[in-house]
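J.: Sharing a structure with you now.
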Amino acid sequence: MQPQAFYRAVADDFSAVDGIIKKQLTSKVPLVSKIGDYITSAGGKRLRPLLVLLCGKALGREGDDLRLLAATIEFLHTATLLHDDVVDMSGMRRGRETANAMWGNAPSVLVGDFLYSRSFEMMVELGSMPVMKILSQATRIIAEGEVLQLSKVRDASTTEETYMEVIRGKTAMLFEASTHSAAALCGATAEQSEALRTFGDHLGVAFQLVDDLLDYRGDAETLGKNVGDDLAEGKPTLPLIYTMREGTPEQAALVRKAIQKGGIEDLKAIRAAVEASGSLEYTAQLARDYVARAIKCLDALPASEYRDALVELSEFAVARTH
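Shown next, in the form of structure tokens:
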């Protein structure tokens, strides 16, 4: 188990979710099971199923349904990872080769489809229409967020407002769906349900802001992915958008050219420019602001070790280095 207290609070449930994931990955087609097992065993943080467990238990819920919902969320997340790596032509994730680098794009996309389909079978097993409504809408919004991001690749005119729309769709939505669906499964009050929905959104935004910050401040060994991946793909993330808006004319021109061209030939100069422009601190502060707002939402929950764990998890989201 991970050493953080927020994992220890639900250690038995977390272990049970792992068992459900392994069981649900089985397929009569060996390659499906092989690729599914490869990506789910890569050692990710599994924050989204963790959020389901912590939110549910903070609301007094116990039992198999909560664990099944947590596993369903992880299947949705894993499916998006498989598809994202194909779209981004990524070769490295969590410190090792991506599935598409190992087996090719077509099998990765199709196994992603399998995981989406399996997650909807698991939703049906849960038998909760409110949960199904939340997760089906979330799946659509995530896809729209990914397409919006794709449409902005190498677009140096992308604004901070559009960037926030992208990350709310492609990342924050699944955090929101995790906390919101847990509330729905538990029959939470309208106030608690809205508080947890907002909590998930704010936490997800903060998480992605830190991810984009680490693309310039981190190192490949710690991150488990290639530094500068976003720049290489021509993605206008917030550190770059801020540098173009607030940096010197020379810094802005350097970043604009790099986004339009793609590649990491000027990565060292770009990293120096985003640091000098103050964009990394701006991004970090925005992440801290979102986490503070997220934690405030938790006032709607009764005091418990699980609420405390949600606070600690939120603080970890902005303090992490990978």
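In terms of our numbering, the sequence shown opens at residue -3 and continues consecutively.
All C-beta atoms, glycine included, are put in the ideal place defined by N, C-alpha and C.
#1: Thinking Met169 and Gly141 are a contact (beta carbons under 8 Å), I'd like their distance in whole angstroms, please.
#2: Going along the chain, which unbroken runs of the alpha helix (DSSP H) with 4 or more residues stay wholly within the region 94 to 176?
#3: Take the Cβ of Ser113 as the centre, count every other Cβ of all protein chains shown within 10 Å, and call the residue buried at 16 or more, exposed below.
#4: Assuming Ala67 and Val13 are in contact, meaning their beta carbons sit under 8 Å apart, how far apart are those beta carbons, in whole angstroms?
#5: Does the beta-carbon of Lys292 have 16 or more other beta-carbons within 10 angstroms, so that it is buried, or is it exposed?
#6: Please list, in chain order, all residues of the same chain as Thr194 whose beta carbon is under 6 Å from its beta carbon, the five residues on each side excluded.
#7: From what residue to what residue does the alpha helix (DSSP H) around Gly32 run?
#8: Are at least three pairs of beta-carbons, each pair with one atom in the region 76 to 93 and one in the region 32 to 52, less than 8 Å apart?
#9: Give me, in chain order, the residues of the same chain whose beta-carbon lies closer than 7 Å to that of Ser300; leave out the 5 immediate sequence neighbours on both sides.
#10: How should Ser132 be labelled, buried or exposed, when 16 other C-beta atoms within 10 angstroms of its C-beta is the threshold for buried?
#11: What are the start and end residues of the alpha helix (DSSP H) that includes Leu78?
#12: Do Ile260 and Gly224 have their C-beta atoms within less than 7 Å of each other?
#13: Contact defined as beta carbons within less than 8 Å: I believe Phe2 pairs with Leu209. What is the distance between those atoms, to the nearest angstrom?
#14: Could you tell me if Glu70 is buried or exposed, where buried requires 16 or more neighbouring beta carbons within 10 angstroms of its beta carbon?
#15: When DSSP labels each residue in this structure, what does Arg42 get in the three-state scheme?
#16: Does the beta-carbon of Asp9 have 16 or more other beta-carbons within 10 angstroms, so that it is buried, or is it exposed?
#17: Once DSSP output is grouped into helix, strand and coil, what is the label at Arg57?
#18: Check whether the region 268 to 277 touches the region 230 to 242, counting contact only when three or more Cβ pairs, one atom from each stretch, lie closer than 8 Å.
#19: According to DSSP, is Arg92 helix, strand or coil?
#20: Is it the case that the Cβ atoms of Thr185 and Leu47 are separated by a distance below 7 Å?
#21: Just mark Glu172 as buried or exposed, buried being the case when its beta carbon has 16 or more other beta carbons within 10 Å.
#22: Let me check understanding here. Comparing Cα to Cα, which of Asp151, Leu111 and Arg42 lies closest to Glu229?
#23: Run through the region 175 to 216 for me and flag every whole alpha helix (DSSP H) of 4 or more residues, listed as ranges in chain order.
#24: If you check the beta carbons only, do Ala180 and Val105 fall under 7 Å apart?
#25: Which same chain residues end up closer than 7 Å to Arg44 when comparing Cβ atoms and leaving out the 5 residues on each side of it in sequence?
#26: In or out: Ser189 buried (at least 16 other Cβ within 10 Å) or exposed?
#27: Within the same chain, show all residues whose beta-carbon is closer than 6 Å to that of Glu156, passing over the 5 residues directly before and after it, in chain order.
T.: Based on what the coordinates show:
#1: 7 Å
#2: 95 to 99, 101 to 122, 125 to 147 and 156 to 163
#3: Around the Cβ of Ser113, a 10 Å sphere holds fewer than 16 other Cβ atoms; the residue is exposed.
#4: That belief holds up - the Cβ atoms of Ala67 and Val13 are roughly 5 Å apart, short of 8 Å.
#5: exposed
#6: Answer for Thr194: Cys293, listed in chain order.
#7: Pro26 to Thr36 is the span of the alpha helix (DSSP H), which, as asked, contains Gly32.
#8: In short, these stretches touch, since the Cβ pair count reaches three.
#9: Ala54
#10: Exposed, since its Cβ has fewer than 16 Cβ neighbours within 10 Å.
#11: The continuous alpha helix (DSSP H) containing Leu78 extends over residues Asp60 to Val83.
#12: yes
#13: Not really, about 22 Å apart at Cβ, beyond 8 Å.
#14: buried
#15: coil
#16: buried
#17: coil
#18: yes
#19: strand
#20: no
#21: buried
#22: Asp151
#23: Those alpha helix (DSSP H) runs which fall completely within the region 175 to 216 and span 4+ residues are 186 to 213.
#24: Not a contact, by the Cβ cut-off of 7 Å.
#25: Ile69, Glu70, His73, Leu170, Phe171 and Ser174
#26: buried
#27: Ile237
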